[in-house]
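Asks: Here's a structure for you.
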Amino acid sequence: MKDIEKKILNEIEPLLETMGISIVEINVAVVNKNYTVRLVIFQEKGVSLEECVSVNRLLKPRLELIFESRDPVVEITSPGIDRKIKSSREYKIFKGKALRLLREDDSDWIHGWIQECTEDKLILKENEEICEIPLDTIRKAKLDYTMEAR
Numbered sequence: 464m465k466d467i468e469k470k471i472l473n474e475i476e477p478l479l480e481t482m483g484i485s486i487v488e489i490n491v492a493v494v495n496k497n498y499t500v501r502l503v504i505f506q507e508k509g510v511s512l513e514e515c516v517s518v519n520r521l522l523k524p525r526l527e528l529i530f531e532s533r534d535p536v537v538e539i540t541s542p543g544i545d546r547k548i549k550s551s552r553e554y555k556i557f558k559g560k561a562l563r564l565l566r567e568d569d570s571d572w573i574h575g576w577i578q579e580c581t582e583d584k585l586i587l588k589e590n591e592e593i594c595e596i597p598l599d600t601i602r603k604a605k606l607d608y609t610m611e612a613r
C-alpha cells in the first residue's frame with residue numbers, strides 16, 4: 464500500500480466504520496496531476512448505489528483537503544459476488560463468508576467458510592472440519608456466494 468493510500472485509509476476508515484462499512488481496497492492514481500481514488504467498500508447487509516453515493520459525498524471534501532485539490536475523482540464500488548481476495552485484511556473483513564480457494568500444491572478447489580485469519584494463516588470450516596491453511600500456500604481465493612445461497 465502506498466503512503467498516500469495509508470494516509471487516506473487512516474483518515475476515512477473511522478468515519479466509515481461508524482456507518483458499519485469496511486474498506487476492502489483503496490487505490491490512488493495520479494494522471495496529469497489529477498487524483499483518482501478508488502474504494503471498494505463492504506457492509507454485512509450489502510452495498511447499495513445510494514450508500515456508494517453517500518460515501519462519495521462524505522469523503523470528497525476530505526480528499527480535497529488531503530490532496531489540496533479541488534476535484535479529485537472518487538469511485539466507490541462494492542466487492543462483487545466473486546471477489547478475488549488479495550490480503551489477510553480482506554479475509555478478516557469477510558469473516559463468516561463462503562470462500563473457494565486453490566492451494567499452490569493442489570488442483571482442486573477447497574470450499575468453506577472463513578472462520579478467522581491471522582497474519583500468516585486462514586482458518587476455514589470445510590464441511591464440518593476446521594482446517595488451518597498457511598496464507599503463503601494459497602494460490603487463489605474468491606468469495607463464493609453460491610454456497611451462501613444453499
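Residues 464 to 613 in the numbering used here are what the sequence shown lists, from first letter to last. Glycine included, C-beta positions come from ideal geometry on N, C-alpha and C. Being a predicted model, the structure only gives us computed values, none of them experimental.
1) Out of E579, I577 and G483, state which residue places its alpha-carbon closest to the alpha-carbon of E504.
2) List the residues that DSSP assigns as beta-bridge partners of Y498.
3) Over what stretch of residues does the beta strand (DSSP E) that includes E538 continue unbroken?
4) Could you have a look at R552 and say whether DSSP puts it in helix, strand or coil?
5) Measure how close the beta-carbons of S551 and E582 come, nearest whole angstrom, since I'm counting them as under 8 angstroms.
6) Taking 6 angstroms as the limit between beta carbons, can you name the residues of its chain near W586, skipping five residues before and five after?
7) Is it true that the region 488-505 meets the region 533-543, where meeting means three or more beta-carbon pairs spaced less than 8 angstroms apart?
8) For V518, which of helix, strand or coil comes out of DSSP?
Replies: In brief:
1) Looking at the sequence itself, residue 504 is Ile, so the reference to Glu does not match. The shortest Cα separation from I504 among E579, I577 and G483 belongs to G483.
2) V493
3) Element bounds for E538: V536 to T540.
4) helix
5) 6 angstroms
6) Rather than Trp, the amino acid found at residue 586 in this sequence is Ile. The answer, listed in chain order, is Q578, E579 and E595.
7) Counting C-beta pairs closer than 8 angstroms gives three or more between the region 488-505 and the region 533-543, which meets the contact rule.
8) DSSP places V518 in helix when its eight states are reduced to three.
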